[in-house]
Amino acid sequence: ELKPVAVGLASAGWVNAKLGSVVYATEAMPGWTGTSLETVMHVATGLPVFAENDARAVAVGEHLFGQATQSSDFVCLTLGTGVGGGIYSGGQLVTGAHALGSAIGHLPIITDGLACTCGARGCLERYANIAALMRYAEPSHFQGAQALIAAANEGQVAAQRAIRKFASYLSMGCAALIHLFEPELIVL
371 ELKPVAVGLA
381 SAGWVNAKLG
391 SVVYATEAMP
401 GWTGTSLETV
411 MHVATGLPVF
421 AENDARAVAV
431 GEHLFGQATQ
441 SSDFVCLTLG
451 TGVGGGIYSG
461 GQLVTGAHAL
471 GSAIGHLPII
481 TDGLACTCGA
491 RGCLERYANI
501 AALMRYAEPS
511 HFQGAQALIA
521 AANEGQVAAQ
531 RAIRKFASYL
541 SMGCAALIHL
551 FEPELIVL
């Protein structure tokens, strides 16, 4: 019988892996800012706990088991309700001076753009998440992103236009990442 020896925990929000806590979370996760993930899970399980931002955890998974197993310099982007990511440089996960690095969704791409949940304006996340994709299809009759993508694949012009607009903003963020890190690949 296998018994767990530790817990790995991935969470949305700006997670300081060194402290094992959520340093900042938007209003989408009320009460999450300041939560010590490691303490809560250690009390519940009695095991050592290691917490990480969910998107950086995806990058670790891609490096260990996925598309980036042969790469030491890559960027991994997660696209969904937000835009997250993880960056590997020289075979190491980039976490930054205070363990809050790789906040890719908060790269500014539009001067004085839309207000972001982080408090800034013009962040990539506001232009390249699911809500943005659906906004580009306005007036939308699509019942979610999967339906919009299926419609684009079937040749519906409005859906294709929305995806092209989404892709143009996503490419702005990718271009900035390429210039900053010169990755071998970008994993979406």
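Position in the sequence shown (from 1) plus 370 gives the number in my numbering. Ideal placement from N, C-alpha and C gives every residue a C-beta, glycine not left out. The model shown is predicted, which means the values in this text are computed figures rather than measured ones.
- Just how far apart, CA to CA, sit Ala473 and Leu389? 17 Å
- Query: What's the gap between the Cα of Val385 and the Cα of Ala425?
  - Reply: 10 Å
- Message: Pop quiz: Gly483 and Gly492 are said to be a contact at Cβ under 8 Å. What is the actual Cβ separation, rounded to whole angstroms?
- Response: 3 Å
- Item | Best match in Ala501, Lys373, Thr405, Leu372 for proximity to Ala380 [C-alpha to C-alpha] | Thr405
- Message: Relative to the C-alpha of Ala382, which candidate in Ala376, Asn423, Thr409 has its C-alpha closest?
- Response: Asn423
- Query: Residue range of the alpha helix (DSSP H) that Ser406 falls in?
  - Reply: Note, Ser406: premise wrong, no alpha helix (DSSP H); not H, not E.
- Residues of its chain near Ser442, where Cβ-Cβ distance is below 7 Å and the 5 sequence neighbours each way are ignored: Tyr458, Gly460, Gly461
- Looking at the structure shown, is Val453 part of a helix, part of a strand, or coil, going by DSSP? strand
- Task: Under 6 Å Cβ to Cβ from Pro553, same chain only, skipping five residues before and after it: list those, please.
- Result: Asp443, Phe444, Val445
- Nearest to Tyr539 by alpha carbon, out of Thr439, Thr465, Leu503, Lys373? Leu503
- Message: Would Gly605 and Phe420 qualify as a contact pair, given that the criterion is a beta-carbon distance under 8 Å?
- Response: Outside the shown range of the chain, which is 371 to 558, sits residue 605, and nothing can be said about it.
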